[in-house]
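The numbering used here numbers the first residue of the sequence shown as 69 and each following residue consecutively. The beta-carbon is built from N, C-alpha and C at its ideal position, and this holds for glycine as well. Note that this is a predicted model, so its numbers are computed, not measured. Right, one structure below, let's go through it.
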Amino acid sequence: MKDQNCGYCMRGELLDAFGIHICDLKVSSLILFREQSHPGRCIVAYKDHVSELVNLTDEERDAYFADVARAAKAIHAAFHPDKINYGAYGDTGCHLHFHLVPKYRDGYEWGGVFAMNPGQVKLTDAEYDEMIAKIKEHL
Numbered sequence: 069m070k071d072q073n074c075g076y077c078m079r080g081e082l083l084d085a086f087g088i089h090i091c092d093l094k095v096s097s098l099i100l101f102r103e104q105s106h107p108g109r110c111i112v113a114y115k116d117h118v119s120e121l122v123n124l125t126d127e128e129r130d131a132y133f134a135d136v137a138r139a140a141k142a143i144h145a146a147f148h149p150d151k152i153n154y155g156a157y158g159d160t161g162c163h164l165h166f167h168l169v170p171k172y173r174d175g176y177e178w179g180g181v182f183a184m185n186p187g188q189v190k191l192t193d194a195e196y197d198e199m200i201a202k203i204k205e206h207l
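Written out as structure tokens, the structure reads:
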């Protein structure tokens with residue numbers, strides 16, 4: 069099922085406002101977050117418009133978390149963060165998704181909770197393409 073007002077469901081301009089579709093995984097989409105204060109930050113959005121983990125069967129949940137783990141491994145291999153923070157909120161956009169936020173000891177917000185959209189680092193199209201290629205190389 070799809071929601072016509074949801075960027076994760078509809079992609080296009082709605083998604084382009086905050087992210088770039090990298091690829092589809094087994095049961096989700098991997099998206100590069102446009103704001104890159106945390107180099108390599110991505111989102112793993114479930115394939116269907118569901119709000120909560122409890123809306124999934126055990127098998128669907130396990131497959132989703134396998135996609136999250138696969139994306140995290142690729143981010144670790146591509147960008148070598150010291151830690152990845154995982155965030156699942158969705159108070160306003162009720163589509164199940166996790167933010168994968170690489171954290172670096174000498175980097176922005178180390179030791180604290182990540183800001184949802186700090187608005188500090190935007191990249192060129194070529195830089196986004198380079199990041200996407202690095203991630204895909206390790207998927």
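Local conformation of residue i per DSSP, three classes
i	result
H144	helix
V189	coil
Y157	coil
F166	strand
H202	Rather than His, the amino acid found at residue 202 in this sequence is Lys. Three-state result, K202: helix.
Chain-order list of residues whose beta-carbon lies under 6 Å from that of residue i (same chain, five-residue window excluded)
i	result
V136	V112, F166
G75	L82, L83
I152	A140, L168, P170
Residues of its chain near residue i, where Cβ-Cβ distance is below 8 Å and the 5 sequence neighbours each way are ignored
i	result
F101	F86, G87, R109, C110, I111, H167
Q188	E103, S105, Y176
Whole-angstrom C-beta distance between residue j and residue i, which should lie under 8 Å
i	j	result
Y132	V95	5 Å
K204	C77	With a Cβ gap of about 23 Å, K204 and C77 do not count as contacting.
L93	A142	L93 to A142, Cβ: 10 Å. No contact.
Through-space distance from residue j to residue i, alpha-carbon basis
i	j	result
I122	D130	The residue you asked about is not Ile; residue 122 is Val in the sequence shown. Answer to the nearest angstrom: the Cα atoms are 12 Å apart.
E128	A134	10 Å
L124	V118	8 Å
D71	G161	10 Å
H163	K115	9 Å
P107	F147	7 Å
T192	H89	16 Å
M199	V181	23 Å
7 Å CB neighbourhood of residue i in its chain, flanking five on each side removed
i	result
W178	K171, Y172
Legend entry - 4 or more residues per run - each alpha helix (DSSP H) lying fully within the region 72-123: 75-78, 80-84
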